[in-house]
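Everything below concerns the one structure shown next.
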Amino acid sequence: MRSKRTMRIGIAGLVAAAAAIPGMSVPATAATPGAEPAAATDWQLKYSEDFQGPEKDLNTDSSPWIRFTGDQPFDTIMDDYGDWWKNDYGPAMQAALGSYATYRKQVQFGKDGWLTASLSARDWDKNGTPERPPTISTEKAKGGNVLKINSPDSYDGALVTTTQKLPPEYRLEYHLKTLDFGGERNGSISYDGKENGYTTVAGECKTQFPYAEGIGTRGWNSEITTDPCDWQSVTNGPYGYNAFHLLGIVDFSNPQPANLHFWHYRRKILMDSFAQHPDRIGTGSGGRVCDPTTNTYYPYRDSTKNVVDMWINGLPNFRPGKGGITGNSQWFMTTCSNGVASAEASPSAAAEMIPELMPNSDYIFAVERDKTGYTQEVTGTFLHGGYRTIRFHRDFVVDNVPIWHYNNTPDQYDGRYNNTLVQNGVYEHQEWPDQWPAGSGYPDFPVIGDPYTDAGEGSATIDSIKLYVPKNK
């Protein structure tokens, strides 16, 4: 096992090298076993957005906020006004929801408006203006323009998706230029006046309000109040963490920021950065991280918390216990598992990024879908292994473990995993039949950014969003 001291010396050396040679990227070392050719050999470009030139300028501040009241809910399960919360929290949930107002906006951009910026913010005093609104905008950077996703408050959300569903087969990729959503910087979880990426404000509490981890879970007394400070903290404590969706695929149209538990039931696959606070790790391991140079795991607690998780969603818990919350099983792919998706430990990160090297050395994230399954890919300079590509393919179904809602069309699936979701709520019992029936179809929509409206805070810059389709199609 490597000590944190050894890891930090490695970071310092790489940062020094990057500072000495502007634009430097560390030469390639070993490629990931089984890595496949680059996109250009198998795909043809359909859309490319590089944000260069004034005609491509974007600033979501120029578009109005629209009040979201829940009168058109996405579903009746765990969306922001879902029955799950009412069944567990009872009449007090309505008062909690009514203690603030939610505003949303969506802005199309890119050629043919093929991309959409989607944002959400809370208005605590309900005067019609969110106090700390997020933005998605182009800004000048060394080497050209970038798109900045700025989510300055844990109660807002900001993401980039496509306006239309992705094609039946595709490759979607982009460059991550900078990332500031928690994790250590130069050996400390506290940096730039923030704690794990969260700006601390005197007298304010950043919590999961009003969507907790479940009745009876740690970090709160399970009382439904209108005071955010009574709920589970995301800044620190047993559920303290920060996160960023590096690139995920969800199973519904028109993705918009919502509470984090909603997303736990809607994803097909995901690559994310998951920065746990030391309070959350406690005396445990916090999960594990793969060293791709030795293909051995080390405890997450010994990492810099700047990990890349590469995973699929499997079947959910269709019958959680009383007061509990459902969510899909999570199957992680690493070179330590030879690319096989495993639910043995959660999380099992594939590698560690080095934010201190950015933007001189960035990361390229990509997802591919073909007739057989999904491929997840990241290229960049990692804490262990230097510059390399980490790439895994996962068939839609392996050993009777499906990727949740993988089928775009009814002909791709026969209904074998259909089930009824059952909630044994504290106040009410409810059932939702046909959660994956024969005859169903679920579109692919990507998510890049911070989709959570009760966790996650920071900023990131991205560039070169590209969509490829199969050649000759």
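Sequence positions in the sequence shown follow mature numbering (1 follows the signal peptide of the UniProt record, and there is no 0) and run -30 to -1, 1 to 443. Think of the CB as a built atom: it goes at the ideal place given N, C-alpha and C, for glycine as much as any other residue.
Under a Cβ-count criterion, where at least 16 other Cβ atoms within 10 Å of its own Cβ denotes burial, should residue i be classed as buried or exposed?
i, result
"H399", "exposed"
"Q22", "exposed"
"G257", "buried"
"V278", "buried"
"G(-8)", "In this prediction, G(-8) scores a pLDDT of 33, lower than 50, which makes its location untrustworthy; no coordinate-derived value is stated."
"I36", "exposed"
"D27", "exposed"
"S32", "exposed"
"Q393", "buried"
"A(-11)", "The predicted model places A(-11) with a pLDDT of 36, which falls under 50 and marks its position as unreliable, so this point remains unresolved."
"N377", "buried"
"K292", "exposed"
"Q300", "buried"
"T423", "buried"
"K436", "buried"
"N442", "exposed"
"R358", "buried"
"T46", "exposed"
"L129", "buried"
"P372", "buried"
May I ask which residues mark the beginning and end of the alpha helix (DSSP H) holding residue i?
i, result
"N57", "53 to 59"
"F232", "230 to 233"
Is the beta carbon of residue i sitting closer than 9 Å to the one on residue j?
i, j, result
"E326", "R155", "yes"
"G127", "G409", "no"
"D50", "A182", "no"
"I324", "F352", "yes"
"N166", "H247", "yes"
"E322", "N276", "yes"
"M63", "Y235", "no"
"T296", "P262", "no"
"T177", "D150", "no"
"K238", "W374", "yes"
"S434", "Y17", "no"
"D249", "G210", "yes"
"G52", "F232", "yes"
"A425", "S107", "no"
Identify the continuous beta strand (DSSP E) that holds residue i and give its terminal residues.
i, result
"M241", "237 to 246"
"A336", "333 to 339"
"M280", "277 to 286"
"L117", "114 to 121"
"Q76", "71 to 79"
"Q64", "Unbroken run through Q64 is the alpha helix (DSSP H), 62 to 67; no beta strand (DSSP E)."
"I418", "415 to 420"
I think residue i touches residue j, with their Cβ atoms under 8 Å apart; what is that distance to the nearest whole Å?
i, j, result
"T30", "A87", "5 Å"
"T131", "P416", "6 Å"
Stretch pair the region 395 to 409 + the region 48 to 64: three plus CB contacts closer than 8 Å: yes
Cβ contact check for the region 188 to 196 and the region 217 to 228: 3 or more pairs under 8 Å: no
Stretch pair the region 153 to 167 + the region 357 to 364: three plus CB contacts closer than 8 Å: no
Cβ contact (3+ pairs, closer than 8 Å) linking the region 330 to 338 and the region 93 to 101: no
Cβ contact (3+ pairs, closer than 8 Å) linking the region 268 to 282 and the region 315 to 323: yes
At least three beta-carbon pairs within less than 8 Å, the region 131 to 150 to the region 337 to 345: yes
Three or more C-beta pairs below 8 Å linking the region 264 to 271 and the region 199 to 213: no
Meets three-Cβ-pair contact criterion under 8 Å: the region 114 to 123 and the region 428 to 441: yes
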